[in-house]
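In the numbering used here, the protein residues as written are 22 to 479. By construction, the Cβ of each residue, glycine as well, lies at the ideal position given by its N, Cα and C atoms. Working notes, beginning with the structure itself.
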């Protein structure tokens with residue numbers, strides 16, 4: 022209440038009194054009684070004391086802020102590494118006044134990054150660490166220490182730039198790039214950010230057959246643009262009791278199908294094509310990937326970011342020239358209007374510098390991703406493990422391959438005439454029938470509009 026000011030504090034106490042509630046203040050052991058409406062001293066006292074408390078709280082807040090501002094300025098200027106640093110990384114310890122990496126925790130940290138980059142989800146990483154009894158990094162004095170590892174903490178580790186050695190304030194300002202020893206390489210960090218951008222967060226997979234769909238988040242409906250539903254049934258026995266009481270066992274076959282999820286739910290789509298999932302997977306692995314070998318990689322996102330950075334740098338340089346001219350004019354006795362123009366230019370340049378910095382980070386993430394040939398080689402080397410009898414090996418491998426395929430392919434369309442189209446990028450595609458037979462070789466949009474592509478009528 023001391024931070025609210027005299028008026029707000031007095032109104033709060035009076036409103037509680039009006040509701041029949043007595044209010045006691047701890048610092049002076051005074052009770053403002055609801056039944057006492059005529060004591061003028063109480064009225065003045067609450068206002069005076071509330072203002073004094075507010076002033077004292079404001080002074081403490083300003084002193085604390087000034088203290089941290091001094092520390093932050095020292096960090097930014099590289100002058101010192103203060104003893105007390107809020108939220109020091111749990112993989113860093115202080116030895117003889119210097120920050121050093123904890124060897125074991127740094128190893129675990131890199132393992133977390135490696136697992137995620139290779140397709141293992143955060144929920145699964147949490148399970149792996151807890152199952153093997155890996156001690157959590159939460160303080161022993163914290164009540165969550167007994168809970169082991171949890172999702173939100175792993176997510177923070179994957180996204181905090183502190184792993185690169187940077188000191189970042191709570192509002193995202195980077196004060197130093199080498200304040201702490203670097204625990205994770207920039208390349209690995211950027212790969213993790215790219216993987217985070219490709220995956221849907223907070224999706225927990227359960228059961229023994231995880232990652233069955235190797236084409237997750239790649240297959241869509243060509244008609245409505247919605248995602249595809251993956252249906253997997255296992256070789257099980259279903260019991261049925263006849264009216265006579267006779268029990269009959271029916272064996273259900275194992276099959277895996279893909280179809281438009283909206284059409285399946287009869288929601289704004291009438292694409293009735295149902296494809297054999299195994300045919301699509303085999304076509305991608307056996308027929309399409311060999312066609313992509315040695316094809317030049319065109320990272321459109323990286324190219325667009327490079328163009329944005331170059332254009333913004335040009336505008337910033339132009340503003341710098343204008344600023345230099347205005348400063349010269351002010352030195353010769355410029356007007357107040359010139360000073361205002363200088364302030365506006367400086368603000369624009371600061372904004373442009375921040376945007377350039379952000380786009381450069383995004384560009385680094387894009388450039389850190391493997392080339393097409395690297396991804397194809399990875400998929401080829403893991404073919405045997407994709408069908409391993411060991412559930413852990415199969416799950417881990419299929420997760421890695423799914424991430425690689427999502428980098429290699431743009432999307433897979435389910436067409437309404439029992440065919441599917443595989444796009445390697447936004448401009449090139451191949452058409453296959455429901456048996457995986459190639460109907461049309463590589464087609465491009467160079468000579469035709471995307472709106473002119475229609476399903477092949479058989």
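Rounded straight-line distance, which links the Cα of residue j to that of residue i
i: residue 223; j: residue 133; result: Note that residue 223 scores 49 on pLDDT, short of 50, meaning its location in the model is unreliable; the coordinates nonetheless yield the value given after this. Taking the straight line from one Cα to the other gives about 16 Å.
i: residue 229; j: residue 303; result: Confidence is the limiting factor: at residue 229 the pLDDT is only 43, short of 50, which leaves the residue's position unreliable, though a coordinate-based value still follows. Those two C-alpha atoms are separated by around 23 Å.
i: residue 425; j: residue 235; result: 10 Å
i: residue 478; j: residue 313; result: Annotation note: pLDDT 40 at residue 478 (below 50); position unreliable, coordinate value reported separately. Straight-line Cα distance between these residues: approximately 27 Å.
i: residue 338; j: residue 382; result: 20 Å
i: residue 301; j: residue 442; result: 10 Å
i: residue 204; j: residue 177; result: 15 Å
i: residue 343; j: residue 350; result: 11 Å
i: residue 246; j: residue 208; result: 34 Å
i: residue 433; j: residue 341; result: 48 Å
i: residue 332; j: residue 373; result: 10 Å
i: residue 263; j: residue 253; result: 27 Å
i: residue 461; j: residue 142; result: 36 Å
i: residue 125; j: residue 159; result: 15 Å
i: residue 361; j: residue 348; result: 11 Å
i: residue 114; j: residue 216; result: 29 Å
i: residue 278; j: residue 371; result: 54 Å
i: residue 457; j: residue 135; result: 34 Å
i: residue 308; j: residue 446; result: 16 Å
i: residue 368; j: residue 378; result: 15 Å
i: residue 326; j: residue 429; result: 20 Å
i: residue 123; j: residue 112; result: 5 Å
i: residue 328; j: residue 336; result: 12 Å
i: residue 51; j: residue 42; result: 14 Å
i: residue 324; j: residue 448; result: 16 Å
i: residue 409; j: residue 288; result: 38 Å
i: residue 359; j: residue 195; result: 32 Å
i: residue 251; j: residue 108; result: 43 Å
i: residue 237; j: residue 33; result: 56 Å
i: residue 55; j: residue 77; result: 27 Å
i: residue 117; j: residue 83; result: 32 Å
i: residue 366; j: residue 356; result: 16 Å
Environment of residue i [buried if 16+ CB atoms lie within 10 Å]
i: residue 119; result: exposed
i: residue 387; result: buried
i: residue 435; result: buried
i: residue 193; result: exposed
i: residue 282; result: buried
i: residue 423; result: buried
i: residue 261; result: exposed
i: residue 74; result: buried
i: residue 36; result: exposed
i: residue 110; result: buried
i: residue 213; result: buried
i: residue 227; result: Legend: pLDDT at residue 227 = 47, less than 50; position of this residue unreliable, value from coordinates given subsequently. Under this definition residue 227 is an exposed residue.
i: residue 243; result: buried
i: residue 396; result: buried
i: residue 276; result: exposed
i: residue 147; result: buried
i: residue 39; result: exposed
i: residue 168; result: exposed
i: residue 45; result: exposed
i: residue 346; result: exposed
i: residue 1; result: The structure shown has nothing for residue 1, since the chain only spans 22 to 479.
i: residue 440; result: buried
i: residue 180; result: exposed
i: residue 305; result: buried
i: residue 284; result: buried
i: residue 404; result: exposed
i: residue 270; result: exposed
i: residue 418; result: buried
i: residue 427; result: buried
Presumed contact (8 Å Cβ cut-off) between residue i and residue j, rounded CB distance
i: residue 451; j: residue 463; result: 6 Å
i: residue 294; j: residue 437; result: 6 Å
i: residue 292; j: residue 455; result: At roughly 14 Å, the Cβ-Cβ gap does not stay under 8 Å, so residue 292 and residue 455 are not in contact.
i: residue 210; j: residue 185; result: 6 Å
i: residue 280; j: residue 249; result: 7 Å
i: residue 400; j: residue 310; result: 6 Å
i: residue 183; j: residue 172; result: Incorrect: roughly 19 Å between the Cβ atoms, too far for contact.
i: residue 140; j: residue 421; result: 4 Å
Residue i CB to nearest heavy atom of the ligand GTP below 7 Å
i: residue 219; result: What this structure holds is no ligand at all, so the ligand GTP is not there to describe.
Start-end ranges of the alpha helix (DSSP H) lying completely within the segment 402-435, minimum 4 residues: The segment 402-435 contains these whole alpha helix (DSSP H) runs: 412-429.
If you scan the segment 110-173 from start to end, which runs of the beta strand (DSSP E) of 3 or more residues do you find wholly inside it? Within the segment 110-173, the complete beta strand (DSSP E) runs of at least 3 residues fall at 113-116 and 119-122.
Would you mind listing the beta strand (DSSP E) stretches within the segment 178-253 that are 3+ residues and don't spill past its ends, in chain order? Runs found: 195-197 and 240-242.
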